[in-house]
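K.L.:
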Amino acid sequence: MAETETILILGSEGQVGTDLAARLRSVYGKNNVVCSDIKPSDEAKQDLGPYEVLNVLDKESIKAVFSKYKPTMVYHLAAMLSATAEKYPRKGWDLNMEGMFAIFDACLEHKVKRTFWPSSIAVFGPSTPRIHTPQHCVMDPNTIYGISKLAGERFCEYYHEKYGLDVRSIRYPGLIGWKALPGGGTTDYAVDIFHQALISNRYTCFLKEDTALPMMYMDDAIKATIDITEAAPELVKIRSSYNLSGMSFDPKGLATEIARQQSGFTIDYDIDARQKIAESWPQSIDDSAAREDWGWKPDFNMEAMVREMLTQLRNMGVGAN
Ligand code: SER
Numbered sequence: 176m177a178e179t180e181t182i183l184i185l186g187s188e189g190q191v192g193t194d195l196a197a198r199l200r201s202v203y204g205k206n207n208v209v210c211s212d213i214k215p216s217d218e219a220k221q222d223l224g225p226y227e228v229l230n231v232l233d234k235e236s237i238k239a240v241f242s243k244y245k246p247t248m249v250y251h252l253a254a255m256l257s258a259t260a261e262k263y264p265r266k267g268w269d270l271n272m273e274g275m276f277a278i279f280d281a282c283l284e285h286k287v288k289r290t291f292w293p294s295s296i297a298v299f300g301p302s303t304p305r306i307h308t309p310q311h312c313v314m315d316p317n318t319i320y321g322i323s324k325l326a327g328e329r330f331c332e333y334y335h336e337k338y339g340l341d342v343r344s345i346r347y348p349g350l351i352g353w354k355a356l357p358g359g360g361t362t363d364y365a366v367d368i369f370h371q372a373l374i375s376n377r378y379t380c381f382l383k384e385d386t387a388l389p390m391m392y393m394d395d396a397i398k399a400t401i402d403i404t405e406a407a408p409e410l411v412k413i414r415s416s417y418n419l420s421g422m423s424f425d426p427k428g429l430a431t432e433i434a435r436q437q438s439g440f441t442i443d444y445d446i447d448a449r450q451k452i453a454e455s456w457p458q459s460i461d462d463s464a465a466r467e468d469w470g471w472k473p474d475f476n477m478e479a480m481v482r483e484m485l486t487q488l489r490n491m492g493v494g495a496n
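The sequence shown runs 176 to 496 under my numbering.
#1: From ILE213 to LYS383, what distance separates their C-alpha atoms?
#2: If we count the other Cβ atoms within 10 Å of its Cβ and call it buried at 16 or more, is TYR338 buried or exposed?
#3: Please report the distance separating the alpha-carbon of TYR263 from that of GLU273.
#4: Quick check: the Cα distance between TYR226 and LYS234, rounded to an integer number of angstroms?
#5: In whole angstroms, give me the CA-to-CA distance for LEU183 and ALA196.
#6: Let's see if you can read the secondary structure: which residues bound the alpha helix (DSSP H) around PHE291?
#7: On a Cα-Cα basis, can you pick out the residue from ILE322, ARG289, VAL191 and ALA253 that is closest to ILE452?
#8: Below 8 angstroms on the Cβ atoms is my contact criterion, and I expect MET390 with PHE440 to pass it. Report the Cβ-Cβ distance as a whole number of Å.
#9: Looking only at its own chain, which residues have a Cβ that is under 6 angstroms from the Cβ of TRP353, when we skip the five neighbours before and after it?
#10: With the cut-off set at 8 angstroms, would you say GLY421 and ASP395 are in Cβ contact?
#11: Quick one: what's got a C-beta closer than 6 angstroms to LEU199's C-beta in the same chain, skipping five residues either side?
#12: Buried or exposed for VAL531, going by 16 or more other Cβ atoms inside 10 Å?
#13: Leaving out five residues before and five after LEU283 in sequence, what residues of the same chain have Cβ atoms less than 7 angstroms from its Cβ?
#14: Do you know how far the Cα of THR400 is from the Cα of ILE351?
#15: Could you tell me the boundaries of the alpha helix (DSSP H) in which CYS331 lies?
#16: Give a yes or no on whether the C-beta atoms belonging to SER294 and SER344 are separated by under 8 angstroms.
#17: Tell me the rounded alpha-carbon separation between LYS245 and ASP280.
#18: If you reduce the DSSP assignment to three classes, tell me which class MET176 lands in.
Put into structure tokens, the structure is as follows:
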């Protein structure tokens, strides 16, 4: 993309936003990437570049931010994840859907060149084939988050076909990174486990030991996010959302690998409501369309991801006291 892009990230303080902002600022320069979230930025990040407090349900403020910065590319990451949305269904639906419409409409009005909106493995449901879940198959999500993401995918395609909005999307698996914590998701255990491993060398998991889910290291997720957003339009053939796969494991498998790299680590289990959500999702994903269409290929397997997580969190001082 041109060096003169102005990029706006909505939800930049979240798990994906934190990593995406750092990466985009290193590529495009800090002043060309405008970050925004509903809350003020983390103090430690305050000199990193322009920042706006912005609620994606507040159309006036959206208009003001779009008019001020005139973004050419927009990454809309603000959403309520699966477990929290089950607690606050109406709020989750409103934030995920109305927020999406508000940002898509602003992108159209301000002639934004490229828009990115993430979907999720939560679009699948109990009747979906669970192993190597195909790109196109039965989709019957039974969580508010999954229903909102499936509806959102349909609107991505609709806005592209009917209004010409060049929006791109991928179905994120559970994302594992060290820069920021996830909030309110079913796959959050796969991040928390590393913090607890370094703090106390043990972890109590809220999913059963054999609950396999698709997962991905954050560097791969950021690579996919930027690659699909910057791909030539003709390469992006699926205009709803692409399946994306990195690795698949269950809590027992992850704990075994952590124990291999950090001796003495142990896990036990205390199952909660998130188990039911996890059981409605795929165990592994067929992402051949993303590989064929725009050259997707992950770099991290489970072993490499565990090594990176332990090393980076240790460097940050987690568990040092
Ligand atoms: N990580 C998300 C969640 O657990 C799924 O996309 O809600």
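Backbone N, C-alpha and C fix where the C-beta goes; we use that ideal spot for every residue, glycine too.
Note that the coordinates shown come from a computational prediction; the quantities given were computed from them, not determined experimentally.
P.N.:
Taking the geometry as given:
#1: If you number the sequence shown from 1, residue 213 lands on position 38. If you number the sequence shown from 1, residue 383 lands on position 208. The straight-line gap from Cα to Cα measures roughly 34 angstroms.
#2: The sequence position of residue 338 within the sequence shown is 163, counting from 1. Exposed: under 16 other Cβ atoms inside 10 Å.
#3: Residue 263 sits at position 88 when you count from the first residue of the sequence shown. Residue 273 sits at position 98 when you count from the first residue of the sequence shown. Near 15 angstroms, if we compare the C-alpha coordinates of GLU273 and TYR263.
#4: If you number the sequence shown from 1, residue 226 lands on position 51. If you number the sequence shown from 1, residue 234 lands on position 59. So the alpha carbons of these two residues sit roughly 18 angstroms apart.
#5: Indexing the sequence shown from 1 puts residue 183 at position 8. Indexing the sequence shown from 1 puts residue 196 at position 21. Taking the straight line joining both Cα atoms gives about 9 angstroms.
#6: If you number the sequence shown from 1, residue 291 lands on position 116. Run containing PHE291: none in the alpha helix (DSSP H); it sits in the beta strand (DSSP E), 289-291.
#7: As a position in the sequence shown, residue 452 is number 277, starting the count at 1. Minimum Cα distance to ILE452 is reached at ILE322.
#8: Reading the sequence shown from its first residue, position 215 is the one you call residue 390. Reading the sequence shown from its first residue, position 265 is the one you call residue 440. In fact, because the Cβ distance is near 18 angstroms, the residues do not count as touching under 8 angstroms.
#9: Walking along the sequence shown from the start, residue 353 turns up at place 178. Result list for TRP353: MET484, GLN487 and LEU488, in chain order.
#10: Residue mapping note: residue 421 aligns to position 246 of the sequence shown, counting from 1. Residue mapping note: residue 395 aligns to position 220 of the sequence shown, counting from 1. Going by C-beta atoms, GLY421 is nearer than 8 angstroms to ASP395.
#11: Here residue 199 corresponds to residue number 24 of the sequence shown, with the count starting at 1. For LEU199, where only same-chain residues beyond five positions count, the Cβ hits under 6 angstroms are ILE182 and VAL208.
#12: Past the boundaries of the shown model lies residue 531; the chain is included only from 176 to 496, so the question cannot be answered.
#13: As a first step, residue 283 must be located in the sequence shown, where it is residue number 108. Closer than 7 angstroms at Cβ, skipping near neighbours: TYR338 and LEU340.
#14: Against the sequence shown, residue 351 aligns to sequence position 176. Against the sequence shown, residue 400 aligns to sequence position 225. Distance between the alpha carbons of ILE351 and THR400 is about 15 angstroms.
#15: In the sequence shown, residue 331 corresponds to position 156, counting from 1. Start and end: 319-333.
#16: By one-based count along the sequence shown, residue 294 stands at place 119. By one-based count along the sequence shown, residue 344 stands at place 169. Cβ atoms of SER294 and SER344: closer than 8 angstroms.
#17: In the sequence shown, the residue the question calls residue 245 occupies position 70. In the sequence shown, the residue the question calls residue 280 occupies position 105. Using only the alpha carbons, I get a separation of about 14 angstroms.
#18: Position 1 of the sequence shown, counted from the first residue, corresponds to residue 176. In the structure shown, MET176 sits in coil (DSSP, three-state: anything other than H, G, I, E or B).
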